[in-house]
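For the working numbering, add 27 to where a residue sits in the sequence shown, where the first one is 1. By construction, the Cβ of each residue, glycine as well, lies at the ideal position given by its N, Cα and C atoms. Quantities reported herein were computed from a predicted structural model and do not represent experimental measurements. Notes for the one structure printed next.
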Amino acid sequence: MAGGNHSGVSEFVFLGLTSSQELQRLLLVFSSVLYTASMTGNSLIVFSVTTDPHLHSPMYFLLAGLSFIDLGACSVTSPKMIYDLFRKRKVISFGGCIAQIFFIHVIGGVEMVLLMAMAFDRYVAICKPLHYLAIMSPRVCVLFVAAAWGLGIIHSLFQLVFLTGLPFCGPNVLDSFYCDLPRLLRLACADTSRLQFMVTVNSGFICVGSFSVLLISYTFILVSVWKHSSGASSKALSTLSAHITVVILFFGPTLFVYTWPHPNSQMDKYLALSDAVLTPFLNPVIYTFRNKEMKATIKRLFKTLDFFKKIS
């Protein structure tokens, strides 16, 4: 599959986001800054949740899992894209292309399940507060994360099955900055119209289904919160607004890419750019600035680092 003997193509050429040199320089600065900020912000959340006892709770455990997967989300395509902005000829090996597709779908699948687990966590915390620690036990949290990774890997392998046995013998130009399955299928030296339809239906169904479940869940939770008028309800609304914002940021571009009826549209490249560098950057920003405990932990962390600098 990854460069098998049925394939006459050893590499693929990316056309990138634009041919304009000025716009490429702007994208280089924009992407580099956001990539660095994404890696820093998400690493900070994972480190804070791991080391601070104040954050050893189910909600922050799942948040650390989301930040960890965001580290992967911004690393699968962004470094290659940033590197290619320096190059006139942007190429990727056949095996590298398959690897990108695999990890993109693993990360997407894991993130969808984690977002649903976080919605369930908020439902239990708000609607069944007395049973919260019993329901959201450490074992349940670990099972959620394990299930997310298991389903993500299964989903990705299922997607790659569509490539098994397909010959790639001629065109090798991808009008994109990364490898995606629908575009790659269109380069195969065979009729892949049915496969393209199945890929769109498979990914589109999963995205729409997951997004619908999350919308229904958060609507139900919001109705439950609005029935109360206490300070705890205000705090719950603040937390929920952060969760809902992250869900919209993740699913918005993904739904467009996999349900848009015009597969040759240029819009999906820029939405993919948003998923690659913007969303992983915004997630830690949203969760940090909308969460008092996280802000307090980060302040303590910086004070500790400053203390060690002074005594060193």
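Proximity below 8 Å, CB of C206 to CB of F329 | Against the sequence shown, residue 206 aligns to sequence position 179. Against the sequence shown, residue 329 aligns to sequence position 302. Their beta carbons are not under 8 Å apart, which means C206 does not touch F329 by this criterion.
Report the option in M86, G135, Q186 and S120 whose CA atom is closest to the CA atom of A146.
-> The count along the sequence shown starts at 1 and reaches residue 146 at position 119. Minimum Cα distance to A146 is reached at M86.
Alpha-carbon to alpha-carbon, A174 and L93 | Here residue 93 is taken as the residue at index 66 of the sequence shown, counted from 1. Here residue 174 is taken as the residue at index 147 of the sequence shown, counted from 1. Going from the Cα of L93 to the Cα of A174 covers about 14 Å.
Assuming T227 contacts Y159 (C-beta within less than 8 Å), just tell me the rounded distance between them.
-> For this step, residue 227 is matched to residue 200 along the sequence shown. For this step, residue 159 is matched to residue 132 along the sequence shown. In fact, because the Cβ distance is near 39 Å, the residues do not count as touching under 8 Å.
When DSSP labels each residue in this structure, what does N32 get in the three-state scheme?
-> Within the sequence shown, the letter at position 5 stands for residue 32. Bear in mind that a pLDDT of 40 at N32, under 50, signals an unreliable position, so the model cannot answer this.
What whole-angstrom Cβ distance do F129 and S183 have, given they're in contact under 8 Å?
-> Taking the first residue of the sequence shown as position 1, residue 129 is located at position 102. Taking the first residue of the sequence shown as position 1, residue 183 is located at position 156. Indeed they touch by this definition, with Cβ atoms about 5 Å apart.
Cβ neighbour criterion (16 or more within 10 Å) applied to R154 = Here residue 154 is taken as the residue at index 127 of the sequence shown, counted from 1. Per the sequence presented here, residue 154 reads as Cys, with Arg not at that position. It counts as exposed.
From R327 to M321, what does the alpha carbon distance come to, in whole angstroms?
-> Here residue 327 corresponds to residue number 300 of the sequence shown, with the count starting at 1. Here residue 321 corresponds to residue number 294 of the sequence shown, with the count starting at 1. When rounded, the distance between both Cα atoms is 10 Å.
Given 8 Å, three or more beta-carbon pairs between the segment 177-191 and the segment 208-217 | yes
For F39, which beta-bridge partners are listed by DSSP?
-> Taking the first residue of the sequence shown as 1, we reach residue 39 at position 12. F39 is bridged to I119.
Using the C-alpha atoms, what's the distance from F283 back to S84?
-> Your numbering for residue 84 matches position 57 in the sequence shown. Your numbering for residue 283 matches position 256 in the sequence shown. Straight-line Cα distance between these residues: approximately 34 Å.
Near V73, which residues of its chain fall below 6 Å by C-beta distance, leaving aside the five closest residues on each side in sequence?
-> Walking along the sequence shown from the start, residue 73 turns up at place 46. The residues are A91, S94 and F95.
Taking the Cβ atom as the reference point for each residue, do F204 and V36 lie within a distance shorter than 8 Å?
-> The count along the sequence shown starts at 1 and reaches residue 204 at position 177. The count along the sequence shown starts at 1 and reaches residue 36 at position 9. Taking 8 Å as the Cβ cut-off, F204 and V36 do not qualify as a contacting pair.
Just mark G179 as buried or exposed, buried being the case when its beta carbon has 16 or more other beta carbons within 10 Å.
-> Residue mapping note: residue 179 aligns to position 152 of the sequence shown, counting from 1. Buried is the call here.
In angstroms with no decimal places, state the Cα-to-Cα distance between A357 and V273.
-> This structure cannot settle anything about residue 357, because the visible part of the chain is limited to 28 through 339.
Please report the Cβ distance between V103 and I131, rounded to the nearest whole angstrom; I am assuming they are in contact, meaning their Cβ atoms lie under 8 Å.
-> By one-based count along the sequence shown, residue 103 stands at place 76. By one-based count along the sequence shown, residue 131 stands at place 104. Correct: roughly 6 Å between the Cβ atoms.
I109 and S59 look like a contact to me (Cβ under 8 Å); what is the Cβ gap, rounded to whole Å?
-> Your numbering for residue 109 matches position 82 in the sequence shown. Your numbering for residue 59 matches position 32 in the sequence shown. That belief holds up - the Cβ atoms of I109 and S59 are roughly 6 Å apart, short of 8 Å.
Consult DSSP for L208 and reduce its assignment to one of helix, strand or coil.
-> As a first step, residue 208 is located in the sequence shown; it is residue number 181 there, counting from the start. Of the three classes helix, strand and coil, the one that applies to L208 here is helix, per DSSP.
Name the two residues that bound the continuous alpha helix (DSSP H) containing A215.
-> If you number the sequence shown from 1, residue 215 lands on position 188. A215: not part of any alpha helix (DSSP H); DSSP gives it neither H nor E.
According to the Cβ coordinates, are F42 and V200 closer than 8 Å?
-> Here residue 42 is taken as the residue at index 15 of the sequence shown, counted from 1. Here residue 200 is taken as the residue at index 173 of the sequence shown, counted from 1. Correcting the residue identity first, residue 42 is Leu in this sequence and not Phe. Contact: yes.
Buried versus exposed, by CB contacts within 10 Å (16 or more), L139 | The sequence position of residue 139 within the sequence shown is 112, counting from 1. Reading the sequence as shown, one finds Met at residue 139 and not Leu. Flag for M139 reads buried.
Does the separation of the CB atoms of A144 and L89 fall below 8 Å?
-> Translated into positions along the sequence shown, residue 144 becomes position 117. Translated into positions along the sequence shown, residue 89 becomes position 62. Against a cut-off of 8 Å, the Cβ pair of L89 and A144 comes out as a contact.
Simplified DSSP assignment, three categories, for L193 | Against the sequence shown, residue 193 aligns to sequence position 166. Correct three-state label for L193: coil.
Roughly how far, in whole angstroms, is the beta-carbon of F277 from the beta-carbon of T306, given that I think they are within contact range, below 8 Å?
-> Here the question's residue 277 lines up with position 250 in the sequence shown. Here the question's residue 306 lines up with position 279 in the sequence shown. F277 to T306, Cβ: 6 Å. Contact.
Close beta carbons around L309, own chain, < 7 Å, minus the five adjacent residues each side = Taking the first residue of the sequence shown as position 1, residue 309 is located at position 282. Closer than 7 Å at the Cβ level, and outside the excluded window around L309, lie L276.
With 16 as the cutoff for other CB atoms within 10 Å, does Y62 come out buried or exposed?
-> In the sequence shown, the residue the question calls residue 62 occupies position 35. With 16 or more Cβ atoms within 10 Å of its Cβ, Y62 is classed as buried.
How about V304 and S105: are their beta carbons less than 8 Å apart?
-> Walking along the sequence shown from the start, residue 304 turns up at place 277. Walking along the sequence shown from the start, residue 105 turns up at place 78. Here V304 is near S105, since their CB atoms are less than 8 Å apart.
From L267 to I233, what does the alpha carbon distance come to, in whole angstroms?
-> In the sequence shown, residue 267 corresponds to position 240, counting from 1. In the sequence shown, residue 233 corresponds to position 206, counting from 1. Taking the straight line from one Cα to the other gives about 23 Å.
Helix, strand or coil at L44 [DSSP, three-state] | Here residue 44 refers to the residue found at position 17 of the sequence shown. If DSSP states are grouped into helix, strand and coil, L44 belongs with coil.
L44 versus D148 - alpha carbon distance = For the purposes of this step, residue 44 is identified with residue 17 of the sequence shown, where counting begins at 1. For the purposes of this step, residue 148 is identified with residue 121 of the sequence shown, where counting begins at 1. So the two alpha carbons sit approximately 39 Å from each other.
Please report the residue range of the alpha helix (DSSP H) in which N229 lies.
-> As a working mapping, residue 229 is identified with position 202 in the sequence shown. Start and end: S220 to W253.
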